[in-house]
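Inspection log for the structure reproduced underneath, given as structure tokens.
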DNA sequence: AAAAAAG
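In this note's numbering, the protein residues as written are 143 to 646.
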């Protein structure tokens with residue numbers, strides 16, 4: 143059997159790999175590393191959770207042992223589609239490069255330039271970047287690309303799609319054509335392959351699993367739901383509560399606004415939940431992800447910013463609140479669970495509107511996905527009226543209806559109140575809800591920050607813009623959240639929220 | 001039809 147020692151890696155790298163507890167490479171690692179060490183171009187395709195990152199990090203470390211970086215002239219460059227992924231790759235360099243003295247610089251947006259400038263000035267052996275910030279540094283003249291020997295494009299299918307391709311082409315043009323180029327991706331559709339071939343020279347193609355095949359250890363189910371958001375939220379809550387082995391879960395939405403809405407709803411229902419999407423400030427993104435990794439948050443509502451590559455070792459469940467429009471994203475999303483041979487479960491809420499996306503997903507993964515309890519046809523008719531429960535008058539609702547459109551929600555999270563205090567369907571769930579962590583991050587959209595009135599921080603720091611409390615949501619509040627307790631308005635003391643969610 | 005990536 144092939145071991146890491148057979149692949150031609152340097153002693154320093156091998157000893158770090160051994161210290162990390164690995165002896166047997168994954169197929170993508172065994173396939174790619176020898177060619178990478180020969181300075182061949184590589185097109186590596188493997189499903190998520192199979193060790194793609196190490197298959198370029200390890201050979202790069204070996205190759206970098208010869209030579210030294212000069213100021214502002216990085217020797218290698220790695221491009222990543224999200225900041226979190228870039229940070230994760232940087233951690234890999236720390237881990238496997240502990241016997242080296244290499245300068246690794248992480249160039250991502252949303253954080254200050256100063257540290258990054260210093261590292262560039264010192265001479266970076268490895269530059270790990272998101273495209274925008276790299277170009278920003280370049281335009282400021284902080285960077286010379288003429289010394290780059292290795293270019294890695296990770297999540298290549300993502301990096302070569304419509305939004306990213308102009309940046310990638312610009313960057314690739316700045317780098318000498320004598321470079322070595324490594325492509326890694328979980329999926330590689332033909333039109334992307336065609337683009338990729340423009341960047342690669344006589345690449346060695348290493349494909350270790352059928353592209354787009356979901357990890358075998360993941361149990362996949364569809365769950366029929368009516369289309370309205372509040373109906374979907376109710377279905378989701380029931381689904382989450384019904385899971386007996388739910389350790390933690392990522393819940394994907396297609397839109398950032400829906401991430402914010404669903405987060406808010408789940409939080410109000412007493413779940414231990416965080417949120418992650420690209421309009422949150424970087425500090426909050428980092429904190430949310432860290433809390434989820436640490437187990438301080440049980441649920442993470444996320445956009446597709448979290449769909450790819452994020453390595454959270456023990457995610458037990460993935461829920462798709464929305465069916466992903468691009469079927470490849472389905473594969474990426476459910477790839478967050480069942481990693482490294484563990485078992486996992488992936489549930490996808492499906493409404494009538496989603497049927498064609500569902501078909502595309504089944505076609506892509508080449509199998510039929512079972513319905514959890516009856517398909518769309520067996521769904522009971524939609525609830526007729528939203529007015530079965532008595533509506534509260536505006537004073538009980540904190541007088542919100544008296545506020546004009548402009549005023550509404552300004553500086554207010556619109557979080558209503560702790561609906562679960564009187565809501566019988568909130569905590570009778572048998573789910574081991576981890577206590578909501580005291581994560582209070584600055585999560586409001588940056589551009590909205592200025593217009594925030596400083597209020598108490600429990601409300602100011604939310605993953606949604608303060609003024610997105612739409613009429614539509616408010617209309618359905620009774621369905622979603624039950625009666626709002628009277629008396630506090632929006633000013634529920636934090637300890638009460640905690641007390642509410644502690645009861646199981 | 002959406003997210004991500006610069007500020």
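Even for Gly, the Cβ is constructed at its ideal location relative to N, Cα and C.
Every value quoted in this text rests on a predicted model; they were computed, and no experiment measured them.
Return the CA-CA distance between residue i and residue j, expressed in angstroms with no decimal places.
i: residue 398; j: residue 405; result: 11 angstroms
i: residue 438; j: residue 429; result: 11 angstroms
i: residue 158; j: residue 194; result: 17 angstroms
i: residue 297; j: residue 201; result: 18 angstroms
i: residue 424; j: residue 519; result: 43 angstroms
i: residue 371; j: residue 449; result: 21 angstroms
i: residue 491; j: residue 375; result: 10 angstroms
i: residue 257; j: residue 229; result: 14 angstroms
i: residue 592; j: residue 433; result: Confidence is the limiting factor: at residue 592 the pLDDT is only 33, short of 50, which leaves the residue's position unreliable, though a coordinate-based value still follows. Taking the straight line joining both Cα atoms gives about 27 angstroms.
i: residue 263; j: residue 250; result: 16 angstroms
i: residue 335; j: residue 345; result: 12 angstroms
i: residue 155; j: residue 205; result: 10 angstroms
i: residue 521; j: residue 469; result: 24 angstroms
i: residue 153; j: residue 203; result: 11 angstroms
i: residue 220; j: residue 407; result: 38 angstroms
i: residue 278; j: residue 360; result: 40 angstroms
i: residue 422; j: residue 305; result: 20 angstroms
i: residue 146; j: residue 454; result: 24 angstroms
i: residue 331; j: residue 164; result: 32 angstroms
i: residue 400; j: residue 461; result: 14 angstroms
For residue i, count neighbouring Cβ atoms within 10 angstroms of its own Cβ and tell me buried if that reaches 16, exposed if not.
i: residue 166; result: exposed
i: residue 498; result: exposed
i: residue 105; result: Within the shown structure, residues of the chain are numbered from 143 to 646, placing residue 105 beyond reach of any answer.
i: residue 485; result: exposed
i: residue 98; result: Absent from the structure is residue 98, since the part of the chain shown begins at 143 and ends at 646.
i: residue 648; result: Because the chain spans 143 through 646 in this model, residue 648 falls outside it and cannot be assessed.
i: residue 320; result: exposed
i: residue 410; result: buried
i: residue 647; result: Because the chain in this structure spans residues 143 to 646, residue 647 falls outside the shown range and cannot be described.
i: residue 386; result: exposed
i: residue 451; result: buried
i: residue 479; result: buried
i: residue 160; result: exposed
i: residue 170; result: buried
i: residue 288; result: exposed
i: residue 402; result: buried
i: residue 426; result: buried
Compute the beta-carbon to beta-carbon distance between residue i and residue j, rounded to the nearest angstrom, for a pair I have assumed lies under 8 angstroms.
i: residue 459; j: residue 391; result: 4 angstroms
i: residue 413; j: residue 381; result: That pair is no contact at about 12 angstroms.
i: residue 224; j: residue 447; result: 5 angstroms
i: residue 290; j: residue 216; result: 6 angstroms
i: residue 186; j: residue 292; result: That pair is no contact at about 14 angstroms.
i: residue 222; j: residue 272; result: 6 angstroms
i: residue 324; j: residue 198; result: 5 angstroms
i: residue 489; j: residue 444; result: 15 angstroms between Cβ atoms; not a contact.
i: residue 299; j: residue 327; result: 5 angstroms
i: residue 218; j: residue 368; result: Wrong, their Cβ atoms sit about 51 angstroms apart, outside the cutoff.
Taking the DSSP output, what are the residues bridged to residue i?
i: residue 222; result: Residue 222 pairs with nothing; no bridge assigned.
i: residue 438; result: Answer by DSSP bridge pairing: none, since residue 438 is not bridged.
i: residue 416; result: 442
i: residue 462; result: 394, 490
i: residue 327; result: 187
i: residue 512; result: 363
i: residue 159; result: Answer by DSSP bridge pairing: none, since residue 159 is not bridged.
i: residue 212; result: 215
Practice item. Would you check if the region 206-216 and the region 263-270 touch, i.e. whether three or more CB-CB distances between them fall below 8 angstroms? Key: yes
Point to revise | the region 232-248 in contact with the region 299-315 per 3-pair CB rule at 8 angstroms | key: no
Practice item. Flag this pair as touching only if the region 508-518 and the region 364-378 have three or more C-beta atom pairs under 8 angstroms; answer yes or no. Key: yes
Check your understanding: Is the region 170-187 touching the region 219-233 in the sense that three or more CB pairs, one from each, lie closer than 8 angstroms?
Key -> no
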